[in-house]
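Residue numbers (our numbering): 9 to 353.
See below for the structure under consideration.
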């Protein structure tokens, strides 16, 4: 069941600012499980489970990183800019979908083939401005006829598939994993508190949706469900990233060396107590880079106690992110159990 929903969410397309497809899925999945679903002016989807005066905001961003059409040349080749943080080599030769005015248009990201590269070319850093999208058009007019124009959003075309040991790989697991955790938590939880489940927009380009929704809702505490980097594969050391896949959810104590967020100690105790009581394994992380919606929610109004609760995910911000479904299930279990009891704030 978790795999099927994650595949649905991962395979869907929702660039920052264009999250409509994800909202449609979420609305359908939550039908009958919440008291109210609203949408604010920025586009955040807010599912409300009514309870006591004490409120918990759980934020999970819907958007994925992608591209946007910047220019179409006379031969129909498309130049683009990145929306969100890309490591440019991961874009090279990927298949993409352009979400044009007449519907989706497939394309590929091209560049000079190695056969005609000079030795100097081979040594050069791959720059986004040297890449382009080929949709098969032979002119700018033909591209326009397909519904492609400046500003057309572009996302990676990649399907979620199963790997060994209950692991899966696909695109946008940052943060469709967090979205799944929040959906399943709403389905399974029993709590006396009011829950604001906020599926936020535009996290990848500045935590924008979380800021405006937290200001409007003004919850007592907040949790951000997201993913985090494990240090359990070649190229990353445990010293750089202490979490490991398969060892449970991650309580992020510090983001960006504290410049982003220092998690509220009372919420750390609350979540750890739930894990210890239910014997749910969890991990602790102090990160020196990266932020989540919790970083901005924490600073809204007169301050909202906040903490990220994350799932380890390899190769984030690439088309082949990897998670362990056991970690996903453990994260849901931990959150569901924690919400049975009000944190001591």
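Every residue, glycine too, gets a C-beta built ideally from N, C-alpha and C.
Please read these numbers as outputs of a predicted model, since none were measured by experiment.
Who are the near neighbours of residue i in its chain, counting only those whose CB is closer than 8 Å to its CB and skipping five residues on each side?
{"i": "residue 34", "result": "53, 55, 70, 187, 191 and 207"}
{"i": "residue 24", "result": "71, 72, 73, 74, 91, 92, 209, 210, 211, 212 and 213"}
{"i": "residue 122", "result": "130"}
{"i": "residue 239", "result": "245, 246, 247, 248, 249, 250, 251 and 252"}
{"i": "residue 368", "result": "Here the chain covers residues 9 to 353 and nothing more, so residue 368 does not appear."}
{"i": "residue 29", "result": "20, 21 and 22"}
{"i": "residue 264", "result": "295, 296, 297, 298, 299 and 303"}
{"i": "residue 169", "result": "176, 177 and 178"}
Output needed for residue i: all residues of its chain with C-beta closer than 7 Å, excluding positions within five of it in sequence on either side, in chain order.
{"i": "residue 304", "result": "215, 218 and 219"}
{"i": "residue 27", "result": "51, 70, 71 and 209"}
{"i": "residue 261", "result": "271, 276, 292, 293 and 294"}
{"i": "residue 222", "result": "65, 230, 305, 308 and 312"}
{"i": "residue 342", "result": "257, 279, 282, 283, 288 and 290"}
{"i": "residue 268", "result": "299 and 303"}
{"i": "residue 167", "result": "19 and 178"}
{"i": "residue 351", "result": "229, 274, 275 and 278"}
{"i": "residue 241", "result": "322"}
{"i": "residue 60", "result": "200, 201 and 202"}
{"i": "residue 43", "result": "56, 57 and 58"}
In its own chain, which residues sit with a C-beta less than 6 Å from the C-beta of residue i, not counting the 5 before and 5 after it?
{"i": "residue 97", "result": "134"}
{"i": "residue 347", "result": "197 and 199"}
{"i": "residue 31", "result": "53"}
{"i": "residue 14", "result": "188"}
Would you kindly report the start and end of the unbroken beta strand (DSSP E) that includes residue i?
{"i": "residue 330", "result": "329-332"}
{"i": "residue 322", "result": "No beta strand (DSSP E) contains residue 322, which DSSP labels as neither H nor E."}
{"i": "residue 114", "result": "111-118"}
{"i": "residue 186", "result": "Residue 186 -> not in any beta strand (DSSP E); alpha helix (DSSP H) instead, spanning 181-196."}
{"i": "residue 31", "result": "First-last for residue 31: 28-38, but that is the alpha helix (DSSP H), not the beta strand (DSSP E)."}
{"i": "residue 55", "result": "53-57"}
{"i": "residue 140", "result": "140-142"}
{"i": "residue 77", "result": "74-80"}
{"i": "residue 90", "result": "86-91"}
{"i": "residue 159", "result": "Residue 159 -> no beta strand (DSSP E), and no H or E assigned at all."}
{"i": "residue 45", "result": "44-47"}
{"i": "residue 301", "result": "Not the beta strand (DSSP E): residue 301 falls in the alpha helix (DSSP H), residues 301-305."}
{"i": "residue 236", "result": "229-236"}
{"i": "residue 294", "result": "291-294"}
Using the beta-carbon count (16 or more within 10 Å), is residue i buried or exposed?
{"i": "residue 298", "result": "buried"}
{"i": "residue 17", "result": "buried"}
{"i": "residue 9", "result": "exposed"}
{"i": "residue 326", "result": "buried"}
{"i": "residue 79", "result": "exposed"}
{"i": "residue 201", "result": "buried"}
{"i": "residue 322", "result": "buried"}
{"i": "residue 315", "result": "buried"}
{"i": "residue 68", "result": "buried"}
{"i": "residue 160", "result": "buried"}
{"i": "residue 173", "result": "exposed"}
{"i": "residue 310", "result": "exposed"}
{"i": "residue 235", "result": "buried"}
{"i": "residue 339", "result": "buried"}
{"i": "residue 329", "result": "buried"}
{"i": "residue 145", "result": "buried"}
{"i": "residue 154", "result": "buried"}
{"i": "residue 84", "result": "buried"}
For residue i, which of helix, strand or coil comes out of DSSP?
{"i": "residue 9", "result": "coil"}
{"i": "residue 201", "result": "coil"}
{"i": "residue 103", "result": "strand"}
{"i": "residue 133", "result": "coil"}
{"i": "residue 215", "result": "coil"}
{"i": "residue 178", "result": "strand"}
{"i": "residue 22", "result": "coil"}
{"i": "residue 60", "result": "coil"}
{"i": "residue 345", "result": "helix"}
{"i": "residue 123", "result": "helix"}
{"i": "residue 223", "result": "helix"}
{"i": "residue 338", "result": "helix"}
{"i": "residue 264", "result": "helix"}
{"i": "residue 128", "result": "helix"}
{"i": "residue 67", "result": "strand"}
{"i": "residue 97", "result": "helix"}
{"i": "residue 259", "result": "strand"}
{"i": "residue 14", "result": "helix"}
For the alpha helix (DSSP H) that contains residue i, what are its first and last residues?
{"i": "residue 275", "result": "273-286"}
{"i": "residue 252", "result": "Residue 252 -> no alpha helix (DSSP H), and no H or E assigned at all."}
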